[in-house]
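Here is the structure we will look at, set down as structure tokens.
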Amino acid sequence: MKKYLFTPGPVPVPSEVLIEMAKPIIHHRTAEFESIFAEVREGLKYVYETEQEVFILAASGTGAMEASVANTLSRGDKALVVNGGKFGERWGKICRAYGVEVEELMVEWGKEVDPADIEKALQADPLISAVLVQASETSTGVKHPTKEIAEITGKRDDVILIVDGITGVGVFPLPFDKWGIDVLVGGSQKAFMLPPGLSFAAMSDKAWKFYEKSNLPKFYFDFKTALKNAEKNTTTFTPAVTLIIGLAAVLRRFMAEGRENMHARHAKLALATREAMRAIGVEPFVQDTPSTALTTVIAPPEIGAGKVIASLRDDYGITVAGGQDQAKGKIFRISHIGDIDKTDILSIVAAIESVLDGLGYDFNFGAATKKAAKILSED
Ligand SMILES: Cc1ncc(COP(=O)(O)O)c(C=O)c1O
């Protein structure tokens, strides 16, 4: 059976990118690689909307999350962590592992954080020196208000904003310089349409001031060493050559498409999916501020998400993501990142209808596909 990947990472990789990565490996200490690296550095700055260096780490997204903490904070520092899902929880675990004290701002799953609560927490505790949040909390499908949070941290010289943009960068606007984000993390197996294995991070001038004071251990992921080498179009250690060659191909595609069109593409696929599900009474898990990287829906409770996920896999070769922890068995998550287009969305929506019908769900069969087709055909 043909396989279809609709998970919010890993994602389908475009065939022209796979072909680039299948070519014979080249050595990294060569003019050829340096020229590819120079191109990639520029492309990443375009996607991040920054003049700063965007570091390329040979690690999955969590590696760049950890590096963001290690390069900016110090033992005994206090961090305010927005925890509204599994990845927010991970910020807390990383900070604690490095001896950074954590104050968690718990947010109900499926809801965005209220920036006023961040302001309040910072006012109540002047010792907090960092706010850590997800731009897009992939475990629930929520988009947190990064811009509004950056306005709060931007007013303070002694607080930095560290944003996990792993399913945000390239998906919706997160202009690094304009909004005053201090550290922004991205990941290859997300909007970057690559296999897992690379992650990205940019640092603001304020974050570099924090670097100078930071006493957390760092070696492999030391951003200052990485910066010195990047400026010479090289890397400190052996880079993930194949993935970086793939990244160059992806960034060429992004440049041709344009940043705004990339964001619009995700928004359209998300809108079509969300409204299609609504048309058949399958409610979104996130009502107010859904991320456009994925659509999280509540499976009809009488059926449960497990059966829907299994039938999509067994009858259609489609992999979607389930829920974790409190959302396990309740929700499933349909990705819009990677090499996913409107035909893919029509396919999955139709497959979901067929699966729900097979599982005895009582609904207007065809209404979801019709809705999706209508939205996707609009300019
Ligand atoms: C928002 C977010 N943060 C962090 C991660 C962890 O990234 P990785 O699994 O690449 O380490 C993911 C992966 O799904 C994610 O979506």
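Under my numbering, think of the first position of the sequence shown as 4, with each following residue one higher.
Idealized CB from N, CA, C, for every residue including glycine.
Here the structure is a predicted model, which means the values were calculated and not measured.
Buried versus exposed call for residue i [16 or more other C-beta atoms within 10 Å across all chains shown]
i, result
"residue 74", "buried"
"residue 276", "buried"
"residue 137", "buried"
"residue 9", "buried"
"residue 320", "exposed"
"residue 365", "exposed"
"residue 30", "exposed"
"residue 68", "buried"
"residue 210", "buried"
"residue 115", "buried"
"residue 224", "buried"
"residue 15", "buried"
"residue 123", "exposed"
"residue 109", "exposed"
"residue 66", "buried"
"residue 153", "buried"
"residue 290", "exposed"
"residue 127", "exposed"
"residue 335", "buried"
"residue 216", "exposed"
"residue 38", "exposed"
"residue 80", "buried"
"residue 146", "buried"
"residue 184", "buried"
"residue 99", "exposed"
Residues bridged to residue i [DSSP beta-bridge criterion]
i, result
"residue 134", "83 and 164"
"residue 58", "204"
"residue 190", "202"
"residue 299", "336"
"residue 139", "146"
"residue 109", "86"
"residue 293", "145"
"residue 348", "DSSP, once it has assigned bridges, lists no residue as partnering residue 348."
"residue 104", "81"
"residue 129", "BP columns for residue 129 are empty, so no partner."
"residue 325", "335"
"residue 418", "Lying before the first or after the last residue shown, residue 418 is absent from the chain, which here runs from 4 to 382."
"residue 17", "Answer is none; residue 17 lacks a bridge partner."
Neighbourhood of residue i by C-beta distance below 8 Å, restricted to the same chain and skipping five residues each side
i, result
"residue 111", "87"
"residue 43", "59, 247, 250, 251 and 254"
"residue 150", "182"
Spatial neighbours of residue i in its chain, beta-carbon cut-off 6 Å, leaving aside the 5 residues before and after
i, result
"residue 422", "Lying before the first or after the last residue shown, residue 422 is absent from the chain, which here runs from 4 to 382."
"residue 125", "131"
"residue 102", "78"
"residue 171", "138, 139 and 177"
"residue 242", "31"
"residue 61", "243"
Sequence-distant residues of its chain with Cβ nearer than 7 Å to residue i (five each side left out)
i, result
"residue 4", "320"
"residue 252", "19, 20 and 23"
"residue 368", "356 and 360"
**Message:** Tell me whether the segment 320-339 and the segment 134-146 touch, counting them as touching only if at least three CB pairs, one residue from each stretch, are closer than 8 Å.
**Reply:** yes
**Message:** With three or more beta-carbon pairs closer than 8 Å as the criterion, would you say the segment 226-238 touches the segment 87-104?
**Reply:** no
**Item:** Sequence-ordered residues whose beta carbon comes within less than 7 Å of a heavy atom of ligand 1
**Value:** 11, 12, 63, 64, 65, 66, 68, 90, 93, 137, 139, 140, 141, 167, 169, 170, 190, 192, 193, 199 and 202
**Prompt:** Quick one: any contact between the segment 271-287 and the segment 363-380, if contact means 3 or more CB pairs under 8 Å?
**Reply:** yes
**Asked** With contact counted as at least three CB pairs below 8 Å, one residue from each stretch, are the segment 46-56 and the segment 170-186 in contact?
**Response** yes
**Prompt:** Should the segment 200-216 be called in touch with the segment 297-311, which here means at least 3 C-beta pairs below 8 Å?
**Reply:** no
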